[in-house]
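Read the structure below first, then the notes.
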Amino acid sequence: GQQVMQIPQYQHVQEGEDFTTYCNSSTTLSNIQWYKQRPGGHPVFLIQLVKSGEVKKQKRLTFQFGEAKKNSSLHITATQTTDVGTYFCAGARSNDYKLSFGAGTTVTVRA
Amino acid sequence: EAGVAQSPRYKIIEKRQSVAFWCNPISGHATLYWYQQILGQGPKLLIQFQNNGVVDDSQLPKDRFSAERLKGVDSTLKIQPAKLEDSAVYLCASSKTSDSYNEQFFGPGTRLTVL
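See the structure below:
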């Protein structure tokens, strides 16, 4: 089964609004990666988080790794139509370092 | 830099038939992954190669799926015989090394429909 759980599964956002998607694991993770898959496309790497409490920003996207390294979040501000797609987190367990993908959060944007 | 190449892009077969997919990773990438992505789900790892050796095939249904990477470069994934539940996108990805800290580069995928 899925090692990491993502919520929500779907996010419908009004253009210009902010939203957050979450990634949760029952076990401690060594690192977590985020990928974006546009409709009909393939996953593309966005960022990696390694340190406890780490925060990284990419323009309007803010990524955070929890203090216990069991959860992560992606916050998008001022959503644009270019943000449409499915965002996956992929976490590696500390005991075996195998990366496992979550089910993703699919984002649609209302203009 | 050329990306990960996959072929074919689409394949439609009937159940119990066989099918093969091909992947050419990014030059110099030692690690190659095959994923199965069912509609609405995240990629599920089927098999991971480091050069021409298998690192992880724990989720590969070995009674019907096989994969090889004989020369440590390109790879083929075969399904024989196919079942209806094998309908999915098969993604190939590559990375420089096999540890989980490496960014994975995905190919465009092969969309398989089993009728």
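If you read the protein sequences in the order shown, they are chains V and G.
For the first sequence, our numbering gives the first residue as 73, with consecutive numbering after it.
For the second sequence, our numbering gives the first residue as 1053, with consecutive numbering after it.
From the three backbone atoms N, C-alpha and C, an ideal C-beta is built for every residue, glycine too.
Quick one: what does DSSP say residue 1186/G is sitting in, helix, strand or coil?
Here chain G comprises residues numbered 1053 to 1167, so residue 1186/G is not present and cannot be evaluated.
The beta strand (DSSP E) that contains residue 169/V, what's its start and end?
Here residue 169/V belongs to no beta strand (DSSP E), and DSSP marks it neither H nor E.
List, in order along the chain, the chain G residues whose C-beta lies closer than 7 Å to that of residue 175/V?
1093 and 1094
Quick one, which of 1151/G, 1097/G and 1071/G has its alpha-carbon nearest residue 1112/G's?
1097/G
Mind checking whether residue 1071/G and residue 1131/G have CB atoms under 9 Å apart?
yes
Counting Cβ pairs, one atom from each stretch, are 3 or more of them under 8 Å apart for the stretch 1071-1083 of chain G and the stretch 1126-1143 of chain G?
yes
Determine, using beta-carbon pairs with one atom in the stretch 140-148 of chain V and one in the stretch 94-105 of chain V, whether at least three such pairs fall under 8 Å.
yes
Return the bridge partner residues of residue 1099/G from the DSSP annotation.
1086/G
Would you tell me roughly how many angstroms separate the C-alpha atoms of residue 120/V and residue 1109/G, rounded to the nearest one?
24 Å
So residue 160/V contacts chain G; which residues on that side make the cut at Cβ distance below 7 Å?
1094
Taking the beta strand (DSSP E) that residue 116/V belongs to, which residues open and close that run?
116-121
Going by alpha carbons, who is nearest to residue 79/V out of 174/V, 182/V, 100/V and 183/V?
174/V
Test: residue 96/V CB closer than 9 Å to a CB of chain G
no
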